[in-house]
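Have a look at the structure below before the remarks.
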Ligand code: PMP
Ligand code: GLN
C-alpha cells in the first residue's frame, strides 16, 4: 500500500491480505463436489482407538470438561503430556509451569508467534512450509525469511540457514517431521541448528505434530539438545498420533517463562477448548507404546503402497521419512504446473491432491510438485493408485 490508492478501504486488513481460503479447505471442497478420493487434506479415514472415544463420551456424560476447564489445560492432561515427554524423550517437564494445552497445534503456533514476536522481527522457516506459518507470522507483524528445501532429498542447507540470520532474526520456526516433504531432521542437522540458535541468541519454535509418525530415522526433540531447554517452544498435537484430528487437542512444552508468554496470547484467542476431549487425550497418552507402533506400521504400509503406486503411474516419487504425505513430481508425466494439475485431477481420474507450490514463497521451487496423503485405508489408496495409473494411458 502506498497510501495513494483511491476507492474503498479493503475489509480484510493488510496482515491477512492474500491469505484467502486455505488449500486444504479448497481441495476438500473440490473432493466433496466431485466425489473424488480425497488424498489432499491430511486426515485419517479411520477414527482413533475405541477406548479413547469412549473416554470422551464418559467425560461428557460425567460432566468433566463441559464447563470451562482451567486455562492451561486440565491437570490430568498436563500430567499425561509431561509423562509422555519423560517416557519418550527423557525430558523432565513440570506439568504446572511447563505445559500449556491449546486448540490444536494450530493455536499453539499462532499464540507463540503473537506472544514472541514484535513487528519487524524476522522468522526463519524452511520452505515449503505449513500454510498457517506465513499467516501467523504476518498476523504478528513480523517478516518471514524462507530457506528452501530442495529436491531430490529436501535436506536443510545449513549454510543458507546461517546466512539467513540477521540482527532482526528473533526465531526459527522448525517443523520435523516435515510437512509436506516428509523430511526428518537428523541429530547432526538439529545440533547445527541448536548451535546456531545459541550463538545468535535465537528462540526456536518446533512443530512436532508428526513426532510419532517416523518410518526411517528417529524423532529427536530439539529442546533436548544442549543449550535449547530455555530457548525452545515445543509444539505437538494429539490429532495425528491418535487419529482424532477434529478434536483439536494440542500442546506446548517449554520453560516456564516461555509457556507464560505463549499462555498470555492463548488466553485471548480461545481461553480454553475441547474440555471433555482433554480428558480423553490424557488417557490416549497413557496407552501402551504398542498403540503408537501400530499406527506407525499401518502408515508405513500406506506410504509404501502409495509411493510404489505413484512411481508405477509415472510420477517422480520422493519417499518420505515421516508424516502423512508423499511428495511427487509430475514433470515425468509431461505436466508443468502442479496447481493446474491438481485442479484438473478430480475430473481426469477422480483423485484429489494438493499442489506444493502453495507452501513456497518461491513457487518455482515447487512448481511441478504435488502432495498426496496416505493416512487412508489401504483399499482406498489402492483404488487411488489404480485411477492414477490411467493418467498415462
Ligand atoms: N503443523 C503441521 C505441520 C501440520 O501438518 C498440521 C496439520 N495437522 C498442524 C500443524 C495443525 O495441527 P492441529 O490439527 O493439531 O491444529
Ligand atoms: N495438516 C493438514 C494437512 O497438512 C491440514 C489441516 C488443515 O486443514 N488446517 O493436510
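Numbering (the working numbering), first residue to last: 2 to 394.
Ideal Cβ placement from N, Cα and C applies to all residues, glycine included.
Whose CA, out of the options, lies closest to the CA of residue i?
| i | options | result |
| --- | --- | --- |
| residue 172 | 122, 370 and 295 | 122 |
| residue 356 | 57, 347, 362 and 367 | 367 |
| residue 157 | 193, 142 and 67 | 193 |
| residue 46 | 383, 378 and 393 | 378 |
| residue 277 | 30, 36 and 74 | 74 |
| residue 376 | 272, 332, 336 and 323 | 323 |
| residue 117 | 267, 333 and 32 | 267 |
| residue 60 | 253, 181, 279 and 106 | 279 |
| residue 185 | 137, 212 and 84 | 212 |
| residue 235 | 101, 254, 100 and 248 | 254 |
| residue 393 | 335, 363 and 318 | 335 |
| residue 292 | 243, 304 and 250 | 243 |
| residue 230 | 48, 250, 99 and 287 | 99 |
| residue 288 | 18, 53, 9 and 126 | 53 |
| residue 347 | 18, 25 and 37 | 37 |
| residue 175 | 25, 239, 169 and 187 | 187 |
| residue 250 | 259, 237 and 10 | 237 |
| residue 153 | 380, 384 and 369 | 369 |
| residue 303 | 219, 252, 373 and 134 | 373 |
| residue 23 | 341, 136 and 295 | 136 |
| residue 25 | 371, 384 and 380 | 371 |
Could you name the residues of the same chain whose beta carbon sits closer than 8 angstroms to that of residue i, not counting the 5 residues immediately before and after it, in chain order?
| i | result |
| --- | --- |
| residue 80 | 96 and 283 |
| residue 313 | 386 and 390 |
| residue 2 | With a pLDDT of only 48 at residue 2, under 50, the local geometry of the prediction cannot be trusted, and no value is derived from it. |
| residue 183 | 155, 319, 320, 321, 322, 323, 324, 326, 327 and 328 |
| residue 272 | 69 and 72 |
For residue i, which residues from the same chain have a beta carbon less than 6 angstroms from its beta carbon, with the 5 sequence-adjacent residues on both sides left out?
| i | result |
| --- | --- |
| residue 1 | Nothing can be reported for residue 1: it is not among the residues displayed for the chain, which extend from 2 to 394. |
| residue 310 | 386 |
| residue 149 | 128 and 366 |
| residue 274 | 104 |
| residue 32 | 39 and 353 |
| residue 162 | 148 |
Could you name the residues of the same chain whose beta carbon sits closer than 7 angstroms to that of residue i, not counting the 5 residues immediately before and after it, in chain order?
| i | result |
| --- | --- |
| residue 391 | 350 |
| residue 93 | 87 |
Under the criterion of a Cβ to heavy atom distance below 8 angstroms, does residue i qualify as lining ligand 2?
| i | result |
| --- | --- |
| residue 296 | no |
| residue 244 | no |
| residue 43 | yes |
| residue 326 | yes |
| residue 25 | yes |
| residue 181 | yes |
Taking only heavy atoms of ligand 1 into account, decide whether any of them is closer than 8 angstroms to the Cβ of residue i.
| i | result |
| --- | --- |
| residue 313 | no |
| residue 267 | no |
| residue 348 | no |
| residue 208 | yes |
| residue 39 | no |
| residue 106 | yes |
| residue 110 | yes |
| residue 238 | yes |
Would you report the Cα separation of residue i and residue j, rounded to the nearest angstrom?
| i | j | result |
| --- | --- | --- |
| residue 315 | residue 298 | 26 angstroms |
| residue 20 | residue 113 | 19 angstroms |
| residue 264 | residue 205 | 17 angstroms |
| residue 104 | residue 132 | 17 angstroms |
| residue 64 | residue 70 | 11 angstroms |
| residue 56 | residue 339 | 42 angstroms |
| residue 29 | residue 344 | 12 angstroms |
| residue 160 | residue 190 | 11 angstroms |
| residue 208 | residue 382 | 27 angstroms |
| residue 217 | residue 329 | 18 angstroms |
| residue 332 | residue 142 | 37 angstroms |
| residue 42 | residue 119 | 32 angstroms |
| residue 198 | residue 388 | 46 angstroms |
| residue 181 | residue 58 | 34 angstroms |
| residue 145 | residue 62 | 45 angstroms |
| residue 240 | residue 124 | 26 angstroms |
| residue 110 | residue 308 | 30 angstroms |
| residue 66 | residue 78 | 12 angstroms |
For ligand 3, is there any heavy atom lying closer than 8 angstroms to the beta carbon of residue i?
| i | result |
| --- | --- |
| residue 176 | Absence of ligand 3 is noted for the structure shown, with ligand 1 and ligand 2 being the only ligands found. |
Which runs of the alpha helix (DSSP H) spanning at least 4 residues fall entirely within the segment 233 to 314, listed in chain order?
Segments of the alpha helix (DSSP H) lying fully in the segment 233 to 314: 239 to 242, 257 to 268, 276 to 286 and 290 to 313.
Please go through the segment 161 to 186 and give each complete beta strand (DSSP E) segment of 3 or more residues, from N-terminal end onward.
Taken in chain order, the complete beta strand (DSSP E) segments of 3 residues or longer contained in the segment 161 to 186 are 170 to 176.
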